[in-house]
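Each number in the numbering used here corresponds to the 1-based position in the sequence shown with 366 added.
Where is the CB? At the ideal position from N, CA and C, for every residue including glycine.
Note sheet for the following structure.
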Amino acid sequence: LKQLPAAILIVDPGREANCVKEARRLGVVTIGYLDSDCDPGSVDFPVPGNDDAMKSIAIFLRVMADAALEGRGLRERVPSEETPEVAQAAAK
């Protein structure tokens with residue numbers, strides 16, 4: 367990795383405690399997909415669900431991936447400060 371990720375998604379933070387600890391130490395935002403045997407306070411954004419069933423995990427990860435791709439598409443359509451159009455408008 368050239369830089370730290372903005373956030374990570376962790377399935378079963380109780381089982382992946384080392385991952386949660388390292389992310390916390392590095393200041394990376396944590397999103398945890400967890401059920402009742404995990405502490406929701408261990409992650410920044412807990413998402414309740416069945417973290418033991420592969421079908422449930424697959425559905426959750428598919429929805430999260432689709433949302434990330436949609437968000438990336440929206441971000442690419444909005445001009446950022448680096449685009450020439452914005453720089454020209456700021457110069458006026």
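Taking the C-beta atoms as reference points, V386 is found nearer than 8 Å to I376. Residue nearest to E382 within the set R391, C404 and A419 is C404 (criterion: CA-CA distance). In this chain, the alpha helix (DSSP H) harbouring L440 covers M420 to R443.
The Cβ atoms of P379 and L400 sit closer than 8 Å to each other.
The beta-carbon separation of D432 and I423, rounded to 15 Å, does not stay under the 8 Å limit for a contact. Within its own chain, the residues whose Cβ lies closer than 7 Å to the Cβ of G415, once the five positions on either side in sequence are excluded, are Y399, D401, S422 and F426, listed in chain order. A residue is called buried when at least 16 other Cβ atoms come within 10 angstroms of its Cβ; A419 does not meet this threshold and is exposed. Residue burial is scored here from C-beta neighbours: V409 has at least 16 other C-beta atoms within 10 angstroms and is therefore classed as buried. Counting other Cβ atoms within 10 Å of its Cβ, A372 stays below 16 and is therefore classed as exposed.
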